[in-house]
Amino acid sequence: MKTGRSNREDDAGDQEATGDAVDALHLLLEARMRRRLFTVVDATNVTSSAREPLVAAAKRHNMLPIAVMVATPGSVCIERQGPRPANRTVPEATVIEQR
């Protein structure tokens with residue numbers, strides 16, 4: 001999503017641009033799948049409601065959706081925030097919610 005946000009704003013960490021970035025991602029996803037191109041979506045998508053449109057797109061185009069989940073402990077995720085620029089950190093409550 002950071003690339004999508006940076007295409008709308010000059011700041012890839014601008015969370016206000018997320019909705020537009022998601023819309024652009026879905027448009028690009030549909031275009032690639034229509035052409036049967038291998039496509040990777042690198043996004044958090046921790047809720048089923050975030051994943052459902054991606055899975056539905058794959059099914060519409062007779063493509064196999066595959067999810068790769070990384071089980072990183074919340075404490076490690078929070079620790080890794082330290083070196084990130086201030087505009088690229090994720091609120092601690094959000095990290096905890098993703099467990």
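Quick note: the sequence shown uses full-length UniProt numbering, first residue 1, plus one each step. Glycine included, each C-beta is placed from N, C-alpha and C at the ideal position.
Nearest to residue i by alpha carbon, out of the options?
| i | options | result |
| --- | --- | --- |
| Ala-31 | Val-70, Arg-60, Gln-98 | Arg-60 |
| Ile-78 | Ala-56, Gly-19, Val-95, Val-55 | Val-95 |
| Arg-34 | Thr-72, Ser-49, Ala-57, Ala-43 | Ala-57 |
| Ile-66 | Gln-98, Leu-54, Ala-24 | Leu-54 |
| Val-68 | Ala-43, His-26, Asn-62 | Ala-43 |
| Val-70 | Pro-83, Ser-49, Gln-98, Pro-91 | Gln-98 |
Just the Cα atoms here: how many angstroms apart are residue i and residue j?
| i | j | result |
| --- | --- | --- |
| Val-22 | Ser-75 | 28 Å |
| Arg-51 | Ala-93 | 21 Å |
| Leu-64 | Val-41 | 13 Å |
| Thr-47 | Leu-37 | 25 Å |
| Glu-9 | Ala-17 | The predicted position of Glu-9 is uncertain, since its pLDDT is 48 and thus under 50; no value can be drawn from it. |
| Asn-87 | Asp-14 | 7 Å |
| Asn-45 | Pro-85 | 22 Å |
| His-26 | Asn-62 | 16 Å |
DSSP three-state call for residue i: helix, strand or coil?
| i | result |
| --- | --- |
| His-61 | coil |
Which same chain residues end up closer than 7 Å to residue i when comparing Cβ atoms and leaving out the 5 residues on each side of it in sequence?
| i | result |
| --- | --- |
| Thr-89 | Gln-81 |
| Thr-39 | Leu-29, Arg-32, Met-33 |
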